[in-house]
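S.K.: Here it is: the structure, laid out below.
Chains as they are written, first to last, in this note's numbering: chain A, 867 to 1146; chain B, 867 to 1146; chain C, 867 to 1146; chain D, 867 to 1146.
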């Protein structure tokens, strides 16, 4: 997305003429559509559209013109083109976090990592070496709610657009999740819905599977049941112990998480019921 | 594509308002857009659009209305929704041909295989067992032009929309190729541009590669240089002889050819200069 | 496996010197080892070895010499080099069955398909066109045990080494399964353990996954819990309905089933507890 | 490889009884074979064997016993189990180097990165943040031989087992290459042999391919012609510019390079003529 580009995201019940009407508003404002993607879900008859356009026109007028011509239930968003803030939560594993920090340091990450929060201090040197603030918030001797309260306090000043759980090994309460609706992204180390819950590589080993994988998904109240953004797998064989699987799986985890974040941060992902519509 | 669905394909130099104008024509004719895909090539500023719509309106009127509003150089096509005829050419290998015949027999192929032509008679029993006409046109003792003349004569009654080269191991003359512009599809048994020409698996073995693949492409005058439609690969290792690679590669070849044909026959492929724009 | 080649398969608790002792027996009999693979499971300390060797020596003497030097619990097999018989069971879907019939017809299948049995007559013309006996054994108005009894009677004359369930959509009773221990191979249309049971593509659609797959496994008493032989996946996206997934998944199903059968029939698969050791 | 484990690597012309004789030497020395892999190249009749064994026996005696029983041309190596030193060369791209530094920092790299050398200073802060020595050796105003002389001087104190070219964008002279026979590993940003030479992503874009990839290989005098260790690919489509391909390709490059290094450093790779035998 170059600096003069904006992203318009619309979803609403489908009806005849939507593309004509929407492109008409953009045309009237003399905006040039750079790329355009639409999708109509055939099951629910729901319409999704993503338009990238160039132009200096005041966004407010475009939005109000669109509201006028679109169905009342329409969800209309106009994404700003600045890099937004994300905060990363991690526990002790460096591979996903390190990969994000590297991309962030070399401008290959479509957002700005404002801070890293961890319930351990193990990753502090790594984070500090990239000059990113690190908050060690131990969960020991704390009720879950107390711990989350501390995290919320640490988060507040950064006002993050998204929370990224880069192998953060604790489950949040529904109350915490509710604070970041559709704004928390997790990486689960299996090709969901296989091996939900703890120790997926151990489960994979026990089942004798020939592929392992990783899943990036939004966090909802139901553990490992959030909307899937991206998944990938790699082959394994009988010679892989559970620990070998974990080692091999790390590369998939970091690539899938990074890919999913890129899609979300470039405004290519709609959440619709229990799935995502992804305009790649 | 259901029976009441039509596909509109447009490509032309990009200009502001194209989507608005095109969708306006469809809206005026009360046609319902089922799916819509656009792409603007950032290098050449060329616009591509594929619209699937429902409606009973006379196609001619839509086309003439579109011609009026589009740039003069625009290429506009309206695909009919009937199954078109294809003729398959093969030599001696059964895997690609057999796979197509199976799909054709069980309505999993978005066209009708009208006939099979081969320069050998080896595959005749297979083709006949599927009740498809088989033409054995040997190339022995014939000049290339004579052989092609015979093939053209055999093809004529079927009036095929596309010729499919399912491991047809002979090279056509430019004169023959010119008769089927953008209408001949070949499967090459390597991930082009690696290993052009003869014996790609032997070449792959000699180079010691760790992946092999297949490429479906349009046929042009330049051997193995036509526009690529689809490619895929599989891993191999040091234990594969050239012959093992050929065996393993067959599955990739047949899947890639079938995938490419599906894309072309469902009108999802634009040819633009030396590449394809594929709306998957 | 060329005609003069034999396969020796040994598995037993590991102990020092096993390879030395086994290769010594082969050396004493002047047999030339063509390829050799060993694996020791680090969890259970169990030893697996597959040796392909050339030689005309009487197999009985080799086996009795090996029995003498190996631990009492050793499982020792010497595979003959002739093509064995398999019987395929199917219901109404042609893709896996058709793929196997094609390979069988062109000697690309490391066994001989002796017959096909189906609970419907839909696939009869396909099977007959390949000159393979077809048995239509309807399950209607029959108790499960009665139906299986009829299948067993039809199977008996073929004395198959393996039963292949090529999209056979019925579950066998434990009694039937017990008749073919480690000799029934099934293709399940999901990447197990995701989506066990009925309608996996529907389940996949409902969960909004971004990959779908297929699993070839041995059949045990526990539905979809048998030892996995091979798995593969393909990417899907939001635009795939459950039916689109089923269409796309067919190619994976047939390739995975065929790959697993090749591994089993070439004697490259050990079953050990709830997993397989596969020497690829 | 745990601390008490050693790796024996043998390659020689094949002859009857090799495995028996070799395993006999290990058995006589009371060494326990943990894993064993052999391969006989059917074209050249050349034998390769890799044995991991446990035991405290003096290595010299094992080696001399093996020399006695093996053909004269045999290449026998006994790998020590300590982490060896590697030096990484890079230019300006951080992704491969950063990935290696991260793995090195968290003990996920089967060697020790002793230093990084670059012809630019751009990556110095990254390297220093990981507390690894960085040598900026500019090539400006220098003859190639002079520049290489300076690199050799900088390398000398580290006595590296391998040189890793992590997107080092200069070509070495044959004289330099000769100093590190079979000890220089490069990552090329295409699936070789497609797109040798400069700007492979530009070439890939121009050819309109649907897959891009990366190749890790040993460096020989012939540019991009060294023995291939590992390769992988990812799908692309018409919407990828050459620059998008470069961005997407980075993930493949870093994963393939890291995978190849792991294989080489764990002594799983034989170089044989123009190919590699890799025991995965």
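Even for Gly, the Cβ is constructed at its ideal location relative to N, Cα and C.
Computed from a prediction, not measured in an experiment: that's the story for all the values here.
(1) By Cβ distance below 6 Å, which residues in the same chain neighbour residue 874(D) in space, the five residues on each side in sequence not counted?
(2) On the three-state DSSP scale, how would you describe residue 998(A)?
(3) Flag residue 961(D) as yes if its beta-carbon sits less than 8 Å from any beta-carbon of chain B, otherwise no.
(4) Please go through the segment 1012-1066 of chain C and give each complete beta strand (DSSP E) segment of 3 or more residues, from N-terminal end onward.
(5) Using the three-state DSSP reduction, which class does residue 988(D) fall into: helix, strand or coil?
(6) Quick check: the Cα distance between residue 949(B) and residue 870(B), rounded to an integer number of angstroms?
(7) With the cut-off set at 8 Å, would you say residue 1056(D) and residue 1081(D) are in Cβ contact?
(8) For residue 906(C), which residues in chain D fall below 9 Å Cβ to Cβ?
(9) Report yes or no: do three or more beta-carbon pairs, one from the segment 1054-1068 of chain A and one from the segment 970-982 of chain A, lie closer than 8 Å?
(10) Count the CB pairs spanning the segment 1112-1129 of chain C and the segment 1132-1144 of chain B that are closer than 8 Å, and state whether there are at least three.
(11) Look at the alpha carbon of residue 1095(B) and the alpha carbon of residue 1083(B), and state the distance between them as a whole number of angstroms.
(12) In three-state DSSP terms, what is residue 867(A)?
(13) Is there a C-beta anywhere in chain A that falls below 8 Å from the one on residue 972(D)?
(14) Just to confirm the assignment, what range does the beta strand (DSSP E) spanning residue 941(C) have?
(15) Tell me the DSSP secondary structure of residue 879(D) in three-state form.
(16) Where does residue 1009(B) land, buried or exposed, given buried means 16+ other C-beta within 10 angstroms?
(17) Determine the burial state of residue 997(A): buried for a count of at least 16 other Cβ atoms within 10 Å of its Cβ, exposed for fewer.
(18) Report the rounded CA-to-CA distance for residue 894(A) versus residue 933(A), giving the unit in angstroms.
(19) Please give the ranges of any beta strand (DSSP E) in the segment 886-974 of chain C, keeping only runs that are unbroken, at least 3 residues long and fully inside the region.
(20) May I ask you to list, following chain order, the residues of the segment 984-1010 of chain C that have a beta carbon less than 8 Å from some beta carbon of chain B?
(21) Within its chain, find whatever has a CB closer than 7 Å to the CB of residue 1143(A); leave out the 5 residues flanking it on each side and keep chain order.
(22) Judging by CA-CA distance, which residue of 896(D), 938(D) and 959(D) is the nearest neighbour of residue 927(D)?
(23) Hey, would you say the C-beta of residue 1040(C) is under 7 Å away from at least one heavy atom of the ligand GTP?
(24) How many angstroms separate the CA atom of residue 900(A) from the CA atom of residue 992(A)?
(25) Pick out whichever of 1098(C), 1035(C), 973(C) and 937(C) has its Cα sitting closest to the Cα of residue 983(C).
(26) Give the range of the beta strand (DSSP E) segment to which residue 1074(B) is assigned.
(27) Please classify residue 1141(C) as buried or exposed, where buried requires at least 16 other C-beta atoms within 10 Å of its C-beta.
(28) Give a yes or no on whether the minimum CB-CB distance between residue 1140(D) and chain B is below 8 Å.
(29) Beta-carbon of residue 1103(D) versus every beta-carbon of chain B: anything under 8 Å?
(30) So is residue 885(A) in contact with chain B if we call contact Cβ pairs under 8 Å?
(31) In the segment 1102-1121 of chain D, which residues sit with their C-beta less than 7 Å from some C-beta in chain A, listed in chain order?
(32) Taking Cβ-Cβ distances shorter than 7 Å, what residues in chain C pair up with residue 964(B)?
(33) Is the beta carbon of residue 967(C) sitting closer than 8 Å to the one on residue 956(C)?
(34) Using a beta-carbon distance below 8 Å, is residue 889(B) in contact with chain A?
(35) Within the 8 Å Cβ cut-off, does residue 876(D) reach chain B?
M.R.: On the basis of the data shown:
(1) 917 and 944
(2) coil
(3) No, residue 961(D) lies away from the interface with chain B (no Cβ there is under 8 Å from its Cβ).
(4) 1028-1031 and 1050-1054
(5) coil
(6) 13 Å
(7) yes
(8) 899, 900, 901 and 902
(9) no
(10) no
(11) 5 Å
(12) A caution first: residue 867(A) carries a pLDDT of 49, below 50, which makes its placement in the model unreliable, though a value can still be read off. Collapsing the DSSP output to three states places residue 867(A) in coil.
(13) Cβ-Cβ to chain A under 8 Å: yes for residue 972(D).
(14) 941-945
(15) strand
(16) Under this definition residue 1009(B) is an exposed residue.
(17) Sixteen is the threshold: since fewer than 16 other Cβ atoms of the shown chains lie within 10 Å of the Cβ of residue 997(A), the residue is exposed.
(18) 15 Å
(19) 898-907, 912-920, 941-945 and 951-956
(20) 992, 995 and 996
(21) Result list for residue 1143(A): 905, 914 and 1136, in chain order.
(22) 896(D)
(23) With respect to the ligand GTP, the structure offers nothing, as it holds no ligand at all.
(24) 40 Å
(25) It is 1035(C) whose Cα lies nearest to the Cα of residue 983(C).
(26) Looking at the DSSP string, residue 1074(B) is not in any beta strand (DSSP E), and its letter there is neither H nor E.
(27) buried
(28) For residue 1140(D), the answer is yes, since a Cβ of chain B falls inside 8 Å of its Cβ.
(29) yes
(30) Chain B, which has a Cβ nearer than 8 Å to the Cβ of residue 885(A), makes this yes.
(31) Listed by position, the residues of the segment 1102-1121 of chain D near chain A (Cβ gap below 7 Å) are 1117 and 1121.
(32) 968
(33) no
(34) yes
(35) no
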